[in-house]
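Engineer: The sequence shown begins at 4 in the numbering used here and counts up one residue at a time.
Virtual Cβ for every residue (Gly too), placed ideally from N, Cα, C.
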Amino acid sequence: MSHNKTDTTRSQSIKMNRTSGKLFIISGPSGVGKTTLYKALLKQFPDMLYSVSYTTRKSRYGEQDGIDYHFITEVDFKKNIETGRWAEWAKVHDHYYGTSAGFLNKGLSSGYDILLDIDVQGTIQIVNYFPDSITIFLLPPSMDALNNRLRLRGSDSESAIEKRLLNAQREVEKKDIYRYVVVNDRLEVAAEKLVSIIEKERLAA
Ligand code: 5GP
4 MSHNKTDTTR SQSIKMNRTS GKLFIISGPS GVGKTTLYKA LLKQFPDMLY SVSYTTRKSR
64 YGEQDGIDYH FITEVDFKKN IETGRWAEWA KVHDHYYGTS AGFLNKGLSS GYDILLDIDV
124 QGTIQIVNYF PDSITIFLLP PSMDALNNRL RLRGSDSESA IEKRLLNAQR EVEKKDIYRY
184 VVVNDRLEVA AEKLVSIIEK ERLAA
């Protein structure tokens with residue numbers, strides 16, 4: 004987690020730039036279906052921006068640099084911690100992940116609503132700066148179902164899957180800090196629920 008001198012400067016600059024855009028944060032354990040769902044949401048709400056995270060993990064098959072993630076080296080990631088580039092950052096499953104403060108500032112101050120897919124540690128940091136963020140936790144129907152999904156995905160090693168399951172358990176325990184909890188049992192149903200939450204929150208003052 005990032006709490007040092009540079010963060011104080013950074014948080015002040017973020018606060019000063021807050022205007023009409025809203026932040027929507029989606030979290031949930033690895034394998035719960037966040038990627039599929041946020042992509043469906045962006046189709047439904049083409050005027051929303053997606054915050055493409057920076058990560059030090061290697062790209063998975065089919066992932067595109069600059070679209071799914073910005074893939075960067077650990078050296079660069081750490082340099083950017085020092086320069087205060089991240090609105091939030093966290094180490095998740097042995098890799099670093101971060102959100103660009105510049106991207107959030109620019110988007111929000113231009114009036115765009117922004118969707119973030121970040122973990123619980125990152126959500127806590129963002130909510131500190133943006134208490135009005137709309138936070139949504141995606142829950143798997145059961146841990147067994149999550150286990151099956153991670154294995155079916157076939158993109159992670161056995162040890163990576165085990166780490167993800169352990170982390171999932173810890174994340175699920177924090178679900179109550181989120182404003183909304185949506186169970187992703189059937190994709191279409193979960194997508195409909197997310198759409199109605201976002202529609203309602205976008206209309207709210
Ligand atoms: P994956 O490697 O499976 O794409 O993502 C692993 C975890 O990292 C997911 O829980 C995802 O939500 C989280 N994550 C992705 N981008 C960020 C980010 O910018 N910041 C934080 N804190 N977590 C992120």
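In three-state terms, what does DSSP make of Gly65?
Structural biologist: Translated into the one-based positions of the sequence shown, residue 65 becomes position 62. Of the three classes helix, strand and coil, the one that applies to Gly65 here is coil, per DSSP.
Engineer: What whole-angstrom Cβ distance do Ser54 and Thr126 have, given they're in contact under 8 angstroms?
Structural biologist: In the sequence shown, counting from the first residue as 1, residue 54 sits at position 51. In the sequence shown, counting from the first residue as 1, residue 126 sits at position 123. The pair is not a contact, with the Cβ atoms about 13 angstroms apart (cut-off 8 angstroms).
Engineer: Give the single residue among Gly114, Ser113, Leu141 whose Cα lies nearest to the Cα of Ile121.
Structural biologist: Here residue 121 refers to the residue found at position 118 when the sequence shown is read from its first residue. Closest by alpha carbon: Leu141.
Engineer: Find the nearest neighbour of Lys46 within the set Ala207, Trp89, Glu204, Glu195, judged by alpha-carbon distance.
Structural biologist: Start at 1 with the first residue of the sequence shown, and residue 46 comes out as number 43. Checked all of Ala207, Trp89, Glu204, Glu195; the closest Cα to Lys46 is Glu195.
Engineer: One question on the structure: do Leu153 and Ile137 come within less than 7 angstroms of each other, judged by their Cβ atoms?
Structural biologist: To locate residue 153, count along the sequence shown from 1; it is residue 150. To locate residue 137, count along the sequence shown from 1; it is residue 134. Not closer than 7 angstroms, so no.
Engineer: For Ile200, which residues in the same chain have their Cβ closer than 8 angstroms to its Cβ, ignoring the five residues on either side in sequence?
Structural biologist: Taking the first residue of the sequence shown as 1, we reach residue 200 at position 197. So the list reads Ile137, Ile139, Tyr183, Val185, once near-sequence residues are dropped.
Engineer: Bridge partners for Glu91 per DSSP, in chain order?
Structural biologist: Numbered from 1 along the sequence shown, position 88 holds the residue referred to as residue 91. DSSP output for Glu91 lists Thr102 as bridge partner(s).
Engineer: So, do the segment 84-101 and the segment 52-69 have three or more beta carbon pairs nearer to each other than 8 angstroms?
Structural biologist: yes
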